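Trainee: If you're matching positions, the sequence shown starts at 0 in numbering that gives the first Met the number 0 and goes up one per residue.
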Amino acid sequence: MFDTAWQDVRYGLRLLRRSPLFTATAALSLAIGIGANTTIFSVATAILLRPLPGLADPARLVDIGRTTNGSGFDTATYPNYKDLRERVTTLSELYAYRGEPQAISLSDGAEAERIYGMPVSGNYFRALGAVPAAGRLFTDDDDRENGAPVVVISYELWQRRFAGAPDTVGRTVSFNAGPVTIIGVTPPGFQGTTILRSDAWVPLNLAALASPRFGRDMFTNRRASWIILGGRLKDGVTIARADAELRSLGQTLEREYPEANRGRGYRVTKSGVVPGRTDAVAGFLGVLLAIVALVLLAACVNIAGMLVARATSRRREIAVRLAIGANRGRLVRQLITETLVLFVAGCALGLVLTQWLTGLLLAVLPTLPVPVGMDFVVDWRVTAFAVTISLVAAVLSGLAPALQASRPELVPALKSEEVTRAGHFRLRSAFIVAQVTVSLVLVIAGGLFVRALGRAASIDPGFDQTNVEVVMLDLSLSGYREPDALAFADRLRDRVSAMPGVRHAAYAADLPLDGGRMGFGTLRVPGLQPPNGEDSFRADWNIVSPGYFAALRMPLVRGRDFTEQDAAAAPGAIIINETMARSVWQTTDVVGRQFDYRGFGPARTITVVGIAPDAQVDTLGERVRPMVYIPLKQNFMSRVSLVVKSDAGGMIPKVRALVRELNPSLPVTSAMPLEEVTALMLIPQRIAGAVAATLGVVVLLLAAIGIYGVTSYSVNRRTREIGIRMALGADRGKVLRLVIQQGALLTGAGIVLGLALGAAGAQLLRSLLFGVSTLDPIAFGGAALLFAIVAIAASYLPARRATEVDPMLALRAE
């Protein structure tokens, strides 16, 4: 058996070497299809399947999120975390962490370096089962109030900054101008359970080391939701059981603290790199896998059609084999083995192509403001996946041509006589119809995503981001406390405002459409009951300085902007959007009315001084949510973005230079045009659109090649018929139409089927289309028209060749 199999392989290799054009075309088609699939699978593996480094028994790790009225997956408050940790019985550990790494200025006597640090609970490393590479990791004693300032650094930072020196453990360094002692080093590659990567970790109770705006009230305010929870299941405990217990504990906390926990609960999910959103991420990756699967399917159908045509030229060889006693099963095995050899070559090329395609996919992503740690490598999972789909595709692609080729008409074939096999032609025509169908579905998907991106670009968000750039700073990185930080911020803003070409400069804690939301307290109005049984009026928050609305060309509907007089000692001021005004008072004429505000400090009264226009600063294309703005000088936050509106853009290098001039030790954490920030929310559409559009061009080319091949084959079969027609007086135009009709009919059938399948598949894309219809006539009609044009173009050359047939020569043809 092995000997005959090896003989089949060697024979297949010889045949492929004799047909270099066929081999190269087929292998390249397969490489693109297989490479596209392995690229998306490698991304899915990195996000969903591959365990992150340094975690012990990751299958028992879970994420815990706060729900509102039974839905959502949000951060939790520190007091609730403490209560849950003390009462839970299904988890061996329940830990907490800040979530988003904070920019930190690290100095050890040499030049300061910006790194990213994450506050975590004392049991964080123990819960994850991390083993230190050097020193020790945190214990509960490290995470206590007024504990010693200690830090654990990453293995990569240890190697890069300290050259892996053993005496690094125990060394005192400066974090944001404050001394901390390095007590340990995490294992190589450790980044916890999320997609975000940190350079250092500090105990949760020392969160002010990473972000000085964290006061002690963050640990006592049961409304201040800012930490992410996770846990480790006890042996024998299921996620469902832990989820039931956490839901019950959430109800208990709601009864005990109804004012702060009304409508709040908790739920448990399997740990994932995007806590609480694993299903959504998996769903999007599933869409991408479906798209690239269409590419491979189109390539396989194309290969199958080529194999049918190739079998026609080998009819005498196959007839001889059968005539001398070869059984049909042995012959089918030989033909499928040849196909497998071809697919092995395509698989190898596909794995090589995966590296390039992964880089191309990452290039589509906009710059992210925080470090992301995901390694899209071709490991054993990706390789096994590529081999598996190659084997399956080879058998499916080669089986029908092999069965068809192993049934020749022996006598004519042995005499090398041309015999018209209607079965061969019908099979190849069926493959072309299938190829057009699959290709059209992919082109429709690409068209829908392009239309969605166009729709997103045409939506008026209610603010102007033209020539607006943002420079992100954390004023705490130079050790500034509030008064000095505000003084520096004023000086920097005034200098930037004075630059030639700058129209406005202002600060904001949150940027529009950056994918995040903020909350800084509760708002109540005496005598007014919030909707849905809430105890306060819900809204998204932002902290801004005077000039923010002018920088984004959002003229206030009523009232005034914040001024420099809205300082800490002045009466509290707030600006609300029109939706917020209507949700509270059912009118926008509310300037001068007041809220009872409780934030991270003592409760106070704040007055509405202005009404901002409704703008889609949270989610593009959806209903505007209530939004409130409070002044920076009354609600200091060290992490802010300087928003600069200029005549022609290009101000980022000048602002960077000015920051270095005013304070060389203050790093710019990030800087980019506002258009790149708002593009973050379009990442799924940009990725899917780029994948579908790029690969759509490939399958369109494959379809054109297939149509050309079938039309050429048809011309060769009908040479005598065409000669007779021309000898009887048929003009060239009629012959041209006759031949083109063949490709047009096949394409028409494929278009009809493709439109039907595209309409069904488009329903899966509804959530990504920004209001574009899943039956968008431009996307569907444009794709159908494109394929009709391609079919005519691909059929034209064989048709033109047919009109040049010499009738006398054609009449002699057999």
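Quick reminder that beta carbons are idealized off the backbone N, C-alpha and C, glycines included. If you're wondering where the values come from, they're calculated on a predicted model, not measured in any experiment.
(1) Can you tell me where the alpha helix (DSSP H) with residue 158 in it begins and where it stops?
(2) Taking the alpha helix (DSSP H) that residue 483 belongs to, which residues open and close that run?
(3) Does the separation of the CB atoms of residue 206 and residue 151 fall below 8 Å?
(4) Tell whether a beta-carbon distance below 8 Å holds between residue 778 and residue 750.
(5) Check the DSSP bridge columns for residue 814 and list the partner residues they point to.
(6) Is residue 739 buried or exposed, if buried means 16 or more other CB atoms sit within 10 Å of its CB?
(7) Can you tell me whether residue 773 is helix, strand or coil according to DSSP?
(8) So if DSSP puts residue 95 in a beta bridge, which residue, or which two residues, is it bridged to?
(9) Taking the alpha carbon of residue 685 as the point to measure from, which residue in 161, 360 and 85 has its own alpha carbon closest?
(10) Note down the Cα distance separating residue 468 from residue 290, rounded to an integer number of angstroms.
(11) For residue 124, name the three-state secondary structure that DSSP assigns.
(12) Please confirm whether any heavy atom of the ligand ADP lies closer than 7 Å to the CB of residue 533.
(13) Let me know if residue 229 comes out buried or exposed under the rule of 16 or more other beta-carbons within 10 Å of its beta-carbon.
(14) Using DSSP's beta-bridge definition, name the partner residues of residue 593.
(15) Start and end of the beta strand (DSSP E) containing residue 562?
(16) Please state the DSSP three-state secondary structure of residue 296.
(17) Quick one: give me the first and last residue of the alpha helix (DSSP H) that residue 79 is part of.
(18) Under 8 Å: do the segment 574 to 583 and the segment 495 to 504 share three or more Cβ pairs, one atom per stretch?
(19) To the nearest whole angstrom, what separates the beta carbons of residue 72 and residue 275, a pair I think is in contact under 8 Å?
(20) Quick check on the burial criterion: 16 or more other C-beta atoms within 10 angstroms. Buried or exposed for residue 355?
(21) Roughly how many angstroms separate the alpha carbons of residue 124 and residue 118, rounded to a whole number?
(22) Between 681, 192, 266 and 490, which lies nearest to residue 563 when the distance is taken from Cα to Cα?
(23) By how many angstroms is the C-alpha of residue 690 removed from the C-alpha of residue 287?
(24) Going by alpha carbons, who is nearest to residue 682 out of 523, 455, 774 and 538?
(25) For the beta strand (DSSP E) holding residue 60, just list the boundary residues, first then last.
(26) Three-state secondary structure (DSSP) at residue 24?
(27) I'd like to know whether the C-beta atoms of residue 122 and residue 94 end up nearer to each other than 8 Å.
(28) My guess is that residue 29 and residue 302 are in contact by the Cβ rule of under 8 Å, so how many angstroms apart are they, rounded?
(29) Please state whether the Cβ-Cβ distance between residue 824 and residue 267 is less than 8 Å.
(30) For residue 233, name the three-state secondary structure that DSSP assigns.
(31) Restricting to Cα atoms, I'd like to know which of 780, 741 and 760 is closest to residue 790.
(32) Given that a residue counts as buried once 16 or more other Cβ atoms are within 10 Å of its Cβ, and exposed if not, what is residue 797?
(33) Does residue 513 come out as helix, strand or coil in the three-state DSSP assignment?
(34) So, under 8 Å CB-CB, residue 189 and residue 53 are touching, yes? Tell me the CB distance rounded to an integer number of Å.
(35) What does the Cβ neighbour count give for residue 169, buried or exposed, with the cut at 16 atoms within 10 Å?
(36) Looking at residue 428: is its Cβ nearer than 8 Å to the Cβ of residue 754?
Mentor: From the atom records:
(1) Run containing residue 158: 154 to 161, per the alpha helix (DSSP H) assignment.
(2) Going by DSSP, residue 483 is part of the alpha helix (DSSP H) stretching over 481 to 496.
(3) Between residue 206 and residue 151, the CB-CB gap reaches or exceeds 8 Å.
(4) Cβ atoms of residue 778 and residue 750: not closer than 8 Å.
(5) The structure shown has nothing for residue 814, since the chain only spans 0 to 813.
(6) So residue 739 ends up on the buried side.
(7) Residue state, collapsed to three classes: coil.
(8) In DSSP, residue 95 forms a bridge with 228.
(9) Checking every option, the nearest Cα to that of residue 685 belongs to 360.
(10) Roughly 35 Å separates the two Cα atoms.
(11) Residue state, collapsed to three classes: helix.
(12) Of the ligands one can find in the structure shown there are none, so the ligand ADP has no counterpart to examine.
(13) Burial check for residue 229: the Cβ neighbour count within 10 Å reaches 16 or more, so the residue is buried.
(14) According to the DSSP secondary-structure assignment, residue 593 is paired through a beta bridge with 606.
(15) Element bounds for residue 562: n/a, residue is neither H nor E.
(16) DSSP, read as helix, strand or coil, puts residue 296 in helix.
(17) Membership of residue 79 in the alpha helix (DSSP H) is indicated by the continuous run 77 to 86.
(18) These segments do not touch.
(19) Separation of the CB atoms of residue 72 and residue 275 is rounded to 3 Å, and the pair is thereby assigned contact status at 8 Å.
(20) Exposed: under 16 other Cβ atoms inside 10 Å.
(21) For residue 124 and residue 118, the distance between alpha carbons rounds to 12 Å.
(22) If we check each option's Cα against that of residue 563, 490 comes out closest.
(23) Going from the Cα of residue 287 to the Cα of residue 690 covers about 8 Å.
(24) For residue 682, the nearest C-alpha among the options comes from 455.
(25) That run of the beta strand (DSSP E) goes 60 to 67.
(26) If DSSP states are grouped into helix, strand and coil, residue 24 belongs with the helices.
(27) Contact: yes.
(28) The Cβ separation is near 7 Å, so the contact holds.
(29) Residue coverage of the chain in this structure runs from 0 to 813, which leaves residue 824 outside it and unanswerable.
(30) Three-state result, residue 233: coil.
(31) With distances taken between Cα atoms, residue 790 lies closest to 741.
(32) Classification for residue 797: buried.
(33) If DSSP states are grouped into helix, strand and coil, residue 513 belongs with coil.
(34) Confirmed, about 4 Å.
(35) Exposed is the call here.
(36) In this structure, residue 428 sits away from residue 754, with a CB-CB distance that is not shorter than 8 Å.
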